[in-house]
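Novice: The structure that follows is given in the form of structure tokens.
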DNA sequence: GCAAAAGTGTTGAGATTACACCCATGC
DNA sequence: GCATGGGTGTAATCTCAACACTTTTGC
């Protein structure tokens, strides 16, 4: 690794796939590009990494610029480095994925983009760059991680019912799960804490739960 | 993502952790640096990505420059982007790991490095940059992948005995495995083909096996 | 004949699945 | 009182782990 300042090099960018649950569906945040060869196309939010800025910091910056939020679950996915993925220049992009609780979904306005929208991951439009590949990759990773980590806490508000939790699992995995077995496994995993309160609705009240620990852990769940 | 050519940007490099089995031990290829702030230190082979070169191509190039080999198992690991990981400049490094069959271990000479050496992964010296982190990460990934992919074929010659295969699993995982259960599982996975030949040695001859398919597949093994 | 690795099945425990009925509430 | 989601237990199956002896060869 011998930096030679007189030679041209690729640029480095980050792109962030931000997932959330909205209207009972798993959605991702898309931005509509105002400029460049993909003007008018949808893409995941992203941008160049500045000199002296760590790539994690760049991803956090993107997140907070676009959603106004910090302290969100954020994980590096994969790096895409095909020289032709951006027609303007060779841009190596480090993809991240983030999980947003459904409670907080206000979106910051941003001069760089025409619009920001939450779109169902099962019906994404054709995206700019290689972002459809990033989307597929992110969704695979999210599905895999549901089974052996507790990161689903990042998609949930502080309090939730077991029914709501199961609904999220089913939505993301695209399957249905047996209610009794699901409850047994999740309670056996010891990640949840029953609260002395219930959620009232049109039917029988449901016990509210909270995560005992709101930090990422590797634990077999399903 | 709006490239602005007048601004300085980080550079992009690849670093490759090349594993092989040697003398009954899992080893990684280290290079001794001739220049730079880590002169005299050991590191994994790596180098800057050229403009117009995909990062996968850069990793393949590193591999073939250092080992003279192509068509080796190669997988992207993770990207490290701390601005201070290289004291000279902000270099974002995409780490890869590669698996080399033990048969082919001749090493190409390389003007950039003082020496190339295979070193046991359980006793790596302090490495340049953040390469000890990369090493830990690569080893974790390799261990995890043994259980649910067939990539171990990349560490083995065309023909091998079940005993040799088990030895490799035990070596990498750092555990011992029950021989009967191990054989049952591997044969049940259907990845192996018994050859009509045996390996003769000082004791009872062992049936030789080959992998039915020498390409990466995700299949539960252990 | 003996040392050393190869080869082979069974059993018990634990985990996982499948499955049906009553409960509490709002309307 | 009825529609709706909440809450609960058991039996059958499958998977996984533990375990010991015989075989074949080189020396």
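Chains as they are written, first to last, in our numbering: chain A, 1 to 222; chain B, 1001 to 1222.
Every residue, glycine too, gets a C-beta built ideally from N, C-alpha and C.
I'd like to check one pair, residue 1014 of chain B with residue 1055 of chain B: are the Cβ atoms closer than 8 Å?
Specialist: It is a contact, given that the beta carbons lie within the stated cut-off.
Novice: Here's a check: name, in chain order, each residue in its chain whose Cβ is nearer than 8 Å to the Cβ of residue 83 of chain A, leaving out the five neighbours to either side.
Specialist: Result list for residue 83 of chain A: 10, 90, in chain order.
Novice: What does residue 51 of chain A reach in chain B if we use C-beta pairs closer than 8 Å?
Specialist: The answer, in chain order, is 1007, 1008, 1009, 1010, 1083, 1090.
Novice: Hey, does residue 1100 of chain B have any beta-carbon neighbour from chain A nearer than 8 Å?
Specialist: With 8 Å as the cut-off, residue 1100 of chain B does not count as an interface residue toward chain A.
Novice: Measuring alpha carbon to alpha carbon, tell me which residue in B/1012, B/1019, B/1008 is nearest residue 1153 of chain B.
Specialist: Looking at the Cα atoms, B/1019 is the closest of the given residues.
Novice: Rounded to whole angstroms, what's the CA-CA distance from residue 1118 of chain B to residue 1086 of chain B? Just pull it up for me.
Specialist: If I take the Cα positions, the gap works out to 24 Å.
Novice: Got a sec? Which residues, its chain only, sit under 7 Å from residue 1197 of chain B by beta carbon, not counting five neighbours each side?
Specialist: Correct list, in chain order: 1208.
Novice: For residue 163 of chain A, report the span of its beta strand (DSSP E) as first-last.
Specialist: Per DSSP, residue 163 of chain A belongs to no beta strand (DSSP E); it is in the alpha helix (DSSP H), 162–173.
Novice: What residues from the region 55–83 of chain A come within 9 Å of chain B, judged by C-beta to C-beta, listed N to C?
Specialist: Answer set for the region 55–83 of chain A: 55, 56, 57, 58, 76, 78, 79, 80, 81, 82, 83.
Novice: Taking the beta carbon of residue 175 of chain A as the centre, do at least 16 other beta carbons fall within 10 Å, making it buried, or is it exposed?
Specialist: Per the 10 Å Cβ criterion, exposed.
Novice: Quick one: which chain B residues come within Cβ less than 8 Å of residue 94 of chain A?
Specialist: Ordered by position in chain B, the residues that pass the 8 Å Cβ test against residue 94 of chain A are 1079, 1081, 1092.
Novice: Where does residue 1096 of chain B land, buried or exposed, given buried means 16+ other C-beta within 10 angstroms?
Specialist: Looking at its Cβ environment, which holds 16 or more other Cβ atoms inside 10 Å, residue 1096 of chain B is buried.
Novice: So, at 8 Å on beta carbons, what are the nonlocal neighbours of residue 1170 of chain B in its own chain, with the 5 sequence-adjacent residues on each side left out?
Specialist: So the list reads 1176, 1177, once near-sequence residues are dropped.
Novice: Since residue 59 of chain A is in the alpha helix (DSSP H), which residue starts that stretch and which ends it?
Specialist: Residues 55–67.
Novice: Which residues in chain B have a C-beta closer than 8 Å to the C-beta of residue 116 of chain A? List them in chain order.
Specialist: In chain order: nothing, as chain B lies at least about 15 Å away.
Novice: List the endpoints of the continuous alpha helix (DSSP H) containing residue 219 of chain A.
Specialist: Taken as a continuous stretch (DSSP letters only), residue 219 of chain A belongs to no alpha helix (DSSP H), as it is neither H nor E.
Novice: Go ahead and label residue 1187 of chain B buried or exposed: buried means 16 or more other beta carbons lie within 10 angstroms of its beta carbon, across all protein chains shown.
Specialist: Residue 1187 of chain B is exposed by the Cβ-count criterion.
Novice: Could you check the C-alpha separation between residue 1047 of chain B and residue 1062 of chain B for me, to the nearest Å?
Specialist: Residue 1047 of chain B and residue 1062 of chain B: Cα-Cα distance of roughly 7 Å.
Novice: Taking DSSP as the reference, what is the three-state secondary structure of residue 4 of chain A?
Specialist: Only weak support exists for where residue 4 of chain A lies, its pLDDT of 46 falling under 50; the coordinates are left without a value.
Novice: Between which two residues does the alpha helix (DSSP H) carrying residue 1132 of chain B extend?
Specialist: Its alpha helix (DSSP H) spans residues 1131–1148.
Novice: Just how far apart, CA to CA, sit residue 219 of chain A and residue 149 of chain A?
Specialist: Each residue's Cα considered, the two are about 5 Å apart.
Novice: Rounding to the nearest angstrom, what Cα-Cα distance links residue 1183 of chain B and residue 1162 of chain B in this structure?
Specialist: Approximately 7 Å between the Cα atoms of the pair.
Novice: Name the two residues that bound the continuous beta strand (DSSP E) containing residue 51 of chain A.
Specialist: Residue 51 of chain A -> no beta strand (DSSP E), and no H or E assigned at all.
Novice: Any chance you could list the beta strand (DSSP E) runs of at least 3 consecutive residues sitting entirely within the region 171–217 of chain A, in chain order?
Specialist: Within the region 171–217 of chain A, the complete beta strand (DSSP E) runs of at least 3 residues are 192–199, 206–211.
Novice: Within 10 angstroms of the Cβ of residue 8 of chain A, are there 16 or more other Cβ atoms? Answer buried if so, exposed if not.
Specialist: It counts as exposed.
Novice: On the criterion of 16 or more Cβ atoms from any shown chain inside 10 Å, does residue 1131 of chain B qualify as buried, or is it exposed?
Specialist: Buried.
Novice: Taking the alpha carbon of residue 206 of chain A as the reference point, which residue from A/165, A/137, A/139 has its own alpha carbon closest?
Specialist: Comparing Cα positions, the closest option is A/165.
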